[in-house]
Amino acid sequence: MQQKRNNWYIYKATLVAAVGGLLFGYDTAVIAGAIGFMKQYYSLSDAMTGWVASCALLGCIAGAMYAGKLSDNIGRKKVLMLAALLFAISSIGTAMPPNLTFFVVFRLIGGMGIGIASMLSPMYISEMAPADIRGKLISVFQLGVVSGILLIYFVNAGIAGMYDEAWNISTGWRYMFGSGLIPSVIFILLLLTVPESPRWLAKKKRNEEALYILTKINGTTKAQQELNEINNTLADETSLPISEMLKPGLRRALLIGIVLAIFSQVTGINAVMYYAPEIFKSTGDGSGSALMQTVLVGIINVAFTLVAIKYVDKLGRKALLLIGIAGMTICLLAVGAAFYFNAQQGYLVLIGILCYIACFAISLGPLTFVVIAEIFPTKARGTAMSVAVFSLWVAVFLVSQSFPILMGSIGNAFTFWIYMFMAICAFLFVWKMVPETKEKTLEEIENYWKARDASVTLKTNNV
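Numbering follows full-length UniProt numbering, with no gaps: position 109 of the sequence shown is 109.
Pasting the structure below:
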C-alpha cells in the first residue's frame, strides 16, 4: 500500500523542535529587561555589566561544542531533552541566587542548554524536512527564537510594571529569570511526542525505524529512494572527522559555516537584543517607555521572520541574505548618524533600529541556521555544526561583552558604525562565497561538495 506524505507529522516535529528555539530566545533575551535593575542592585561597573549580561554565553559555547558529538552518540532527541532540563535548572537558580557568583554559575548552566538547542534544533529539523520545504521549516526554528524573545519582552514589561522601581531592583528581575521554568517543562513534555531523526537512525544502522519515519515524511516511494541515498553517503565510512573537513572542497563548506555564523553576530544583533532598553533610555526615554519600545522590537522581529519563512524557498537563501544585509548596513549607518549629530531624541533611533531588526529577520537571523544546517555531509554534520555554532557563540560573547564598554568609551555613533563595517564585509562574503542550496536534498548538497573536491584535486594534480 502506497503511503503519501504526512504534512502534519512533519510540521509537528518542526514545531516541537522550534520550541527549543523559543527557549533559546527566551533565555538569552531575559537579560534585556533585568540588566538595568541588576546593575543598580549589585552596583555593577560597565565591564561587570557586560560580564553579567554575557556570562551565559560561555555556557553556550560549551554546549555547542559538545552537542554534536553527544547527539551523534545518543541521538538528537535525547540531547534536546537534556537542553530543556538545563534550562529548567537555570531558571530556578537565577531566580534565587544568594549572591552574584551563584547567579553566574546558574546562567552558565542555562547557557549550556542554549548552546545545545541552538545547534541541535535546526539540525533535527533539517534531517526531518523534505527538500522542497526544508528552508521554510528550518526558518521556523528562528521564528521560535524571535517568538521567545518577544514573549520574554512582554513578560519583562509586565513584571516591571507590577510595582515601583525599587521593587524591580530588589525583586522584579528575579521573577523575570524564574519565569523560564514554564516553557522548559513544556519543551520536555513535547519532545516525548516526536520521533528521532531518520538520518541518525540510518547512521546507527536502524534502517527499519528510519524507513518508517521517512515514509511518513515523504511517502512510500520517495522514502526508500531517500534511505538509499542516505546509506550511500554513509557507506564508505561510519564517521567523518573534522580533519577531513579541512580538505579541498569540504573545506569551503566549513569556512562558509564558521564565517557566516560569526557575521550573523558581529553585525550587532545581540547588542541590540540584550541592551535594547538601555539604548532607548540613552535617547531620553524612561525605563517603562524603553521596555515597551523593546516589545516593539520583538514584534518586528517576529513579523519579518514570517516574511523570511514565506520567501526562503522561493527567492533562495543567497538573494534574501544579500537583500537583508544591504538593508542592515543602511540602517546601522543611519542610527550611528543620529547619535553622532545629536538627533537621537524622538523616533529616529527607534525607526532605524526597527528597520535594522526587520532586515536582520529576513536574512542573517533565520538563514544562518538554514545554511549551516544544510551544507555539511551527514557523517560530519554533528561535529561540523558544533564548530560553526561554537564560532557563533564566541562571537555573541565578544559582542555582548564589548558593547557596554564601546558605548562608554567611543560613544554610540562609532559603536554602530563598527557594526555597519562588519555588515559590509558580510555582504561581500555572501556574494562571493555562499552557494544557493534551495530545493536540493542534503545528499545532493553533499555530492556538490564532493564534485568540488574532485575538481580541486584534478586542478592540483595538473599543476
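Built from N, CA and C at the ideal position, the CB exists for glycine as well.
Note that the structure is predicted; figures quoted are calculated from it, not measured.
I believe residue i touches residue j by the beta-carbon criterion, under 8 Å. Please report the beta-carbon distance rounded to the nearest angstrom.
{"i": "F87", "j": "G113", "result": "4 Å"}
{"i": "V349", "j": "V370", "result": "Not really, about 30 Å apart at Cβ, beyond 8 Å."}
{"i": "I300", "j": "A358", "result": "5 Å"}
{"i": "L190", "j": "V19", "result": "6 Å"}
{"i": "A34", "j": "F263", "result": "With a Cβ gap of about 28 Å, A34 and F263 do not count as contacting."}
{"i": "Y124", "j": "L80", "result": "7 Å"}
{"i": "residue 476", "j": "I258", "result": "The first residue shown for the chain is 1 and the last is 463, placing residue 476 beyond what the model contains."}
{"i": "K318", "j": "E436", "result": "5 Å"}
{"i": "A13", "j": "M128", "result": "5 Å"}
{"i": "A395", "j": "V272", "result": "With a Cβ gap of about 15 Å, A395 and V272 do not count as contacting."}
For residue i, which of the options has the nearest alpha-carbon?
{"i": "L333", "options": "F304, F416, L320, K314", "result": "F416"}
{"i": "I10", "options": "A358, M422, K136, V394", "result": "K136"}
{"i": "G327", "options": "V349, L348, I353, Y311", "result": "I353"}
{"i": "F304", "options": "L151, F360, I262", "result": "F360"}
{"i": "A373", "options": "A13, G75, S121", "result": "S121"}
{"i": "L15", "options": "E165, F339, T193, G111", "result": "T193"}
{"i": "L22", "options": "F414, M422, A451, G115", "result": "G115"}
{"i": "I149", "options": "V79, S90, G180", "result": "G180"}
{"i": "M8", "options": "A83, L108, I213", "result": "In the sequence on display, residue 8 carries Trp and not Met. When only C-alpha atoms are compared, the closest one is I213."}
{"i": "Y340", "options": "Y347, F414, I362", "result": "F414"}
{"i": "K310", "options": "M65, V19, I262, S363", "result": "S363"}
{"i": "S139", "options": "T101, L367, Y419", "result": "L367"}
{"i": "F106", "options": "A117, I92, S118, M119", "result": "I92"}
{"i": "V295", "options": "Y153, D164, R317", "result": "Y153"}
{"i": "N232", "options": "K205, L250, T221", "result": "K205"}
{"i": "residue 501", "options": "A426, F102, G75, W431", "result": "Here the chain comprises residues numbered 1 to 463, so residue 501 is not present and cannot be evaluated."}
{"i": "I31", "options": "I351, Y163, G172", "result": "G172"}
{"i": "W342", "options": "F429, N412, T28, V396", "result": "According to the sequence provided, residue 342 is Asn. The question's Trp does not apply to it. The candidate whose alpha carbon is nearest that of N342 is N412."}
{"i": "D164", "options": "F37, A84, A380", "result": "F37"}
{"i": "I351", "options": "V297, I325, F376, G324", "result": "V297"}
{"i": "M433", "options": "L322, Q224, D72", "result": "L322"}
{"i": "I269", "options": "A223, I325, L151, A131", "result": "I325"}
{"i": "residue 473", "options": "K69, K78, A64, Y66", "result": "Residue 473 lies beyond the residue range present for the chain, which begins at 1 and ends at 463; the question has no answer from this structure."}
{"i": "E446", "options": "M420, F421, L428, I375", "result": "I375"}
{"i": "G316", "options": "I133, M48, I109", "result": "I133"}
{"i": "L246", "options": "S71, P377, M48", "result": "P377"}
{"i": "C331", "options": "A423, F397, T221", "result": "A423"}
{"i": "L250", "options": "F24, K39, M48, Y448", "result": "Y448"}
{"i": "A29", "options": "I410, K438, L151", "result": "L151"}
{"i": "T49", "options": "I405, K438, F429, M65", "result": "I405"}
{"i": "Y66", "options": "N168, L227, A388", "result": "A388"}
Need the endpoints of the alpha helix (DSSP H) that residue i sits in, please.
{"i": "S118", "result": "100-128"}
{"i": "S184", "result": "181-191"}
{"i": "V266", "result": "250-266"}
{"i": "V335", "result": "317-340"}
{"i": "T383", "result": "381-409"}
{"i": "S147", "result": "134-160"}
{"i": "D72", "result": "56-74"}
{"i": "N412", "result": "412-433"}
{"i": "L367", "result": "364-374"}
{"i": "T14", "result": "7-41"}
{"i": "A202", "result": "198-203"}
{"i": "A358", "result": "348-361"}
{"i": "A210", "result": "207-218"}
{"i": "M176", "result": "173-178"}
Between residue i and chain C, is the shortest Cβ-Cβ distance under 8 Å, so that the two count as touching?
{"i": "I35", "result": "Looking at the structure shown, chain C is missing, and only one protein chain is on hand."}
For residue i, is the beta carbon positioned less than 7 Å from some heavy atom of the ligand COA?
{"i": "A413", "result": "The ligand COA is not part of this structure, which contains no ligands at all."}
Practice task
Decide if the segment 150-165 is in contact with the segment 397-404; the criterion is three or more beta carbon pairs, one per stretch, under 8 Å apart.
Solution key: Here the segment 150-165 makes no contact with the segment 397-404; the two share fewer than three CB pairs at distances below 8 Å.
Problem - Meets three-Cβ-pair contact criterion under 8 Å: the segment 254-265 and the segment 382-390 - result: With the rule of 3 Cβ pairs closer than 8 Å, the segment 254-265 counts as touching the segment 382-390.
Handout entry: Three CB pairs or more closer than 8 Å across the segment 172-190 and the segment 57-76
Key = Contact fails between the segment 172-190 and the segment 57-76, because fewer than three Cβ pairs, one in each stretch, are under 8 Å apart.
Handout entry: Three-pair Cβ contact test at 8 Å for the segment 43-54 versus the segment 130-147
Key = The segment 43-54 vs the segment 130-147: no contact.
Problem - Sufficient close CB pairs (3 or more, under 8 Å) joining the segment 35-49 to the segment 196-209 - result: Look at the beta carbons and you see the segment 35-49 not touching the segment 196-209: under three pairs across the two are nearer than 8 Å.
Handout entry: Contact between the segment 84-98 and the segment 203-220 (3+ Cβ pairs under 8 Å)
Key = Put simply, the segment 84-98 does not touch the segment 203-220. Fewer than three CB pairs are less than 8 Å apart.
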